[in-house]
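Residue numbers (UniProt numbering): 10 to 244. Only one structure is covered here, and it is reproduced in the block below.
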Amino acid sequence: GNVIDLEKVRVTFGGKNKVTALSETSLRISHGEFVALVGPSGCGKSTILKLVAGTLAATEGNVFVAGREVDAESARIGMAFQNPTLLPWLNVRDNVMMPLKIVPPFKKEFSRKKRGEYRDRVEASLARVGLAGFGDKFPWQLSGGMQQRASLCRALIHDPTLLLLDEPFGALDQFTREELWEIMQQLWIEKRPTVLLVTHDLKEAAYLAGRICVMQARPGRIVDDSEVPFARPRT
Ligand code: ADP
Ligand code: ADP
């Protein structure tokens, strides 16, 4: 079924000088799809992610996630942003572990379950992104690219069924970016989460996504929605 279903959504901000961030937008994404949203600044890409994450309400229309009216607590969502958002007072391990403490179904078991099991899981995840052995470091001891790798681990650690990615590779050097593309693609092939990726990078969209939605600003809307026609690794 559909993991994401936006029905004729409109989002308006402001009082007197109203800004229509999103106009008449419908978007259906089914289970296991990898969809990229591309378009100029201000076209409403982040607004769509916020609607799906449940941190912003639509002014008009309906937003369903996993068949229900959106509820970030119940859908198992992972998120990563352009800038790493690690908590500076926690080491990398505790940062990456954070979703296991706050997201069901892990939350309930966290205190009961052996912390060691979760440590192994975090170590495995860090190793996947080239951060093996960095669990004890604090964010300020890592480069920007390494912080972004850790942020990606945190987004993935609870095996989210839905991944919302807002330019997570945007601030990285080309080498790191392409390495993380491969890691992300591998993860998608293995676990098949539904992914909604916002990016400015058309090459990135074409490399990772099976479907690309092109947006336009003023008012923000989707003007094209296409499958990526050329071959890419699939299971
Ligand atoms: P994108 O992610 O594509 O750059 P956004 O979704 O962030 O675009 O923004 C879409 C439009 O809505 C822009 O014109 C932006 O200025 C406006 N907007 C976004 N958030 C707010 C807000 N909280 N208050 C007022 N206007 C906003
Ligand atoms: P498991 O089979 O128990 O999920 P994995 O070694 O596949 O063990 O993964 C351990 C943890 O690392 C899981 O939370 C998983 O979601 C996460 N993970 C898996 N692949 C990657 C990856 N490519 N990058 C970062 N984390 C990953």
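Think of the CB as a built atom: it goes at the ideal place given N, C-alpha and C, for glycine as much as any other residue.
### Near ligand 1: SER50 beta-carbon under 7 Å from a heavy atom
yes
### Query
Helix, strand or coil for ARG158 per DSSP?
ARG158 falls in the helix class under three-state DSSP.
### Query
Quick one: does the C-beta of VAL74 sit closer than 7 Å to a heavy atom of ligand 1?
No, the Cβ of VAL74 stays beyond 7 Å of every heavy atom of ligand 1.
### C-beta contact flag for THR68 and VAL20 at 8 Å
yes
### Task
Report yes if the CB atom of LEU31 is closer than 8 Å to the CB atom of ILE13, and no otherwise.
no
### Message
Quick check: the Cα distance between ALA81 and ALA62, rounded to an integer number of angstroms?
### Response
Below a pLDDT of 50, predicted positions are generally treated as unreliable, and ALA81, at 49, falls in that range; the measurement from the model is reported next regardless. So the alpha carbons of these two residues sit roughly 6 Å apart.
### Query
If you draw a straight line from the alpha carbon of VAL232 to that of VAL223, how long is it in whole angstroms?
6 Å
### Task
Quick one: residues in its chain with C-beta nearer than 7 Å to the C-beta of PHE239, no 5 flanking neighbours on either side, listed in chain order?
none
### Task
Identify, in the order they occur along the chain, each residue of the same chain with its Cβ nearer than 6 Å to the Cβ of LEU205, setting aside the five sequence neighbours on each side.
A distance below 6 Å between beta-carbons, with the five flanking residues on each side excluded, links LEU205 to the following residues of its chain, in chain order: VAL44, LEU173.
### Task
Taking all protein chains shown into account, decide if THR244 is buried (16 or more other Cβ within 10 angstroms of its Cβ) or exposed.
For THR244, the pLDDT reaches just 44, beneath the cut-off of 50, and the residue's location in the model is therefore unreliable, although a value from the coordinates is still provided. Classification for THR244: exposed.
#### Entry: SER152 (DSSP reduced to helix, strand or coil)
DSSP, reduced to helix, strand and coil, places SER152 outside both helices and strands of the structure shown, so it counts as coil.
### Message
Tell me the residue span of the alpha helix (DSSP H) that contains PHE184.
### Response
183-200
### Query
The beta strand (DSSP E) with THR29 in it runs from where to where?
Looking at the DSSP string, the run of the beta strand (DSSP E) that includes THR29 is 28-39.
### Message
Measuring only from the beta carbon, is SER55 closer than 7 Å to any heavy atom that is part of ligand 1?
### Response
yes
#### Entry: Sub-8 Å separation of LEU95 and ALA159 beta-carbons
yes
### Query
When the distance is taken between beta carbons, is LYS54 closer than 8 Å to LEU65?
no
### Query
Relative to the C-alpha of VAL138, which residue among GLN157, ASP129, LYS17 is closest?
Distance check between VAL138 and each of GLN157, ASP129, LYS17 places GLN157 closest, using alpha-carbon atoms only.
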